[in-house]
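In my numbering, the protein residues as written are 2 to 160. Ideal Cβ positions, reconstructed from N, Cα and C, are used throughout, including at glycine. Below: the structure, in structure tokens.
See the structure below:
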């Protein structure tokens, strides 16, 4: 084999190895990170939410979830309603991604879907965990960290 061909093969092989080593993995197999928003979710402002993009804004406790994850159906106990009127004090949430966890409280911006007779989150920022007595709201127009009382006041000012 000629010396030039040998050098070319080594160069190509080195290039292939270096490109494999520098590319990040396609999926996260460690389970330690989870993207904030998966898929092509719309992102609405509070003004858009209150003008037809959401039916209900509630603080709810997740009572239970189905074992199936596609879709996951969560039974929620509505603790406080900030906007709209829940169909009952217990409602169902239909989810295919970003699943809620049993025993956790969430601030939820929900839309009712007649086809499934259940609620779905209104957009990519509509599911906010209630942790340490705080709500970290990222909806445009009302972004901020709130207690429930502070968020209630913000919503009263919006409606």
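Asked	Found
Can you tell me where the beta strand (DSSP E) with residue 146 in it begins and where it stops?	145 to 147
Note down, in chain order, each residue of its chain lying with its Cβ closer than 6 Å to the Cβ of residue 143, except the 5 sequence neighbours on either side.	47 and 155
DSSP three-state label for residue 158, please.	helix
Any idea what DSSP makes of residue 68, helix, strand or coil?	coil
Using the beta-carbon count (16 or more within 10 Å), is residue 64 buried or exposed?	exposed
For residue 44, which of helix, strand or coil comes out of DSSP?	coil
According to DSSP, is residue 93 helix, strand or coil?	strand
CA-CA distance, residue 38 and residue 153?	Because the pLDDT of residue 38 is 45, which lies under 50, any placement of that residue in the model is unreliable, and the number read from its coordinates should be weighed accordingly. Their Cα atoms are separated by approximately 25 Å.
Which of the three DSSP states is assigned to residue 151 in this structure?	helix
From 130, 116, 71 and 141, pick the residue whose C-alpha is nearest to that of residue 62; which is it?	130
Threshold first: 3 residues or longer. Then list the beta strand (DSSP E) segments lying entirely within the region 95 to 150, N to C.	106 to 114, 119 to 122, 128 to 132, 135 to 138 and 145 to 147
Under a three-way DSSP split, which group does residue 55 fall into?	coil
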